[in-house]
Amino acid sequence: MKLSFNRLESDLFRSRTWKVGHGRQLELGPKAILMGILNVTPDSFSDGGHFSNIDAALSQAEKMIGEGAHIIDVGGESTKPNGTAVTADIEQQRVIPVIEALAKNFDTLISIDTYRAETAELGVKAGAHIVNDVWGLRREEDIADVVARHNAGVCIMHTGRDRDKDDDVINDQKLWFRKSLEIATRASIADNAIILDPGFGFAKNVDENLELMLRFSELNQFEYPILAGASRKRFIGALVDRDPENIDIRSRDIGTSATSVLLRMQGASIFRVHDVGLNRDALAIADGLIKRSADKRSS
């Protein structure tokens with residue numbers, strides 16, 4: 032783990048512009064960016080059914096924005112292990128009205144969490160600025176054309192599901208992203224529209240997730256900004272849940288904030304989280320250290 036509290040590598044935190052849809056952009060680098068999770072599903076593992084109507088979804092979005100969310104990520108299908116897939120129609124019935132309401136009521140950036148090209152198309156037309164694909168453009172390759180055509184931002188995630196993995200976690204990231212980035216290039220997605228997500232928890236056991244955290248700085252070799260999405264994941268529960276039979280959401284949120292700090296110090300730019308306020312406060316400490324290190328180098 033290449034981590035020094037005395038001299039943090041300056042190029043990990045250089046300012047970069049992320050171009051997203053509808054003519055918007057977001058500055059990444061000097062300060063952590065927070066993406067608030069808004070699941071409009073009945074079966075997500077920690078918040079299923081809580082925000083499945085528009086009023087509840089808007090209320091939760093307003094809360095997260097007030098706590099510092101720069102992006103609201105709207106998902107209509109649970110991606111938990113062994114989760115039940117839904118049809119495109121059901122997914123769209125859940126997410127499109129919420130995205131339309133968010134776009135009407137808030138100026139905050141909106142992300143649509145989907146791997147379906149049709150849902151992404153409708154989501155961007157409804158007001159979403161970003162497509163967040165947990166299958167890394169590889170479940171439905173046409174989704175890359177949707178991103179390119181609308182000049183949307185895109186989060187390309189790694190997954191280990193439904194395939195053979197390399198035994199080395201970083202080599203497996205390389206193998207996956209090489210193919211995903213080839214798809215992005217063929218579709219003419221601009222480099223400054225792309226964010227990579229190493230996919231914590233997606234067909235990765237506890238040791239693999241911890242190894243990925245330990246070697247997270249190696250992902251900077253891709254030279255794209257990186258999103259960290261460890262919030263409330265099972266591997267965090269394995270470390271913090273006092274009673275394995277009962278998920279302790281508060282403990283998992285605290286554990287998540289610890290991962291956010293550790294990953295921020297290794298170069299992560301964006302943090303996809305359930306508890307925005309807790310992670311904002313934890314990341315303020317990391318950003319303070321990063322700024323202090325930069326100030327010392329420039330003096």
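Using our numbering, read the sequence shown as starting at 32 and increasing by one per residue. From the three backbone atoms N, C-alpha and C, an ideal C-beta is built for every residue, glycine too. All of these numbers come straight from a predicted model, not from anything done at the bench.
First through last residue of the alpha helix (DSSP H) which encompasses residue i
i, result
"Ile267", "265-271"
"Val304", "Where Val304 is concerned, there is no enclosing alpha helix (DSSP H), although the beta strand (DSSP E) it sits in stretches over 301-304."
"Thr110", "That residue, Thr110, is in no alpha helix (DSSP H); it is neither H nor E in DSSP."
"Gly286", "280-295"
Start and end residues, beta strand (DSSP E) containing residue i
i, result
"Lys210", "Lys210 -> not in any beta strand (DSSP E); alpha helix (DSSP H) instead, spanning 200-217."
"Ser46", "No beta strand (DSSP E) contains Ser46, which DSSP labels as neither H nor E."
"Gln56", "56-59"
"Asn70", "64-70"
DSSP-derived helix/strand/coil call for residue i
i, result
"Leu168", "coil"
"Asp228", "strand"
"Ile85", "helix"
"Glu152", "helix"
"Ser330", "coil"
"Glu40", "coil"
"Gly97", "helix"
"Asn251", "helix"
"Gly308", "helix"
8 Å Cβ cutoff met for residue i and residue j
i, j, result
"Ile102", "Leu140", "yes"
"Thr339", "Gly154", "For residue 339 there is no data in the structure shown, the boundaries of the chain being 32 and 330."
"Ile220", "Val185", "yes"
"Ile127", "Tyr146", "no"
"Ala313", "Val292", "yes"
"Ala259", "Leu294", "yes"
"Ala218", "Val178", "yes"
"Ile64", "Ile301", "yes"
"Ser142", "Met66", "yes"
"Trp214", "Leu168", "According to the sequence shown, residue 214 is Ile rather than Trp. Yes."
"Asn223", "Lys111", "no"
"Ile267", "Gly298", "no"
"Ala92", "Phe137", "yes"
"Arg323", "Glu98", "no"
Spatially closest choice to residue i from the options, by CA coordinates
i, options, result
"Gly60", "His53, Ser330, Asp318", "Asp318"
"Arg263", "Ile301, Lys50, Arg283", "Arg283"
"Val129", "Trp207, Ala88, Glu58", "Ala88"
"Glu58", "Gly158, Gln123, Pro256, Ser288", "Pro256"
"Met296", "Arg273, Asp279, Leu245", "Leu245"
"Gln56", "Arg323, Phe247, Ile161", "Ile161"
Anticipated Cβ contact below 8 Å, residue i with residue j, distance rounded
i, j, result
"Ala333", "Ser109", "An answer regarding residue 333 cannot be provided, because it is not within the stretch 32 to 330 covered by the chain."
"Gly106", "Asp164", "Rounded, the Cβ-Cβ distance is 11 Å, inconsistent with contact."
"Gly232", "Arg265", "6 Å"
"Ala234", "Arg170", "Not quite, the Cβ-Cβ distance comes to about 14 Å (not below 8 Å), so this is no contact."
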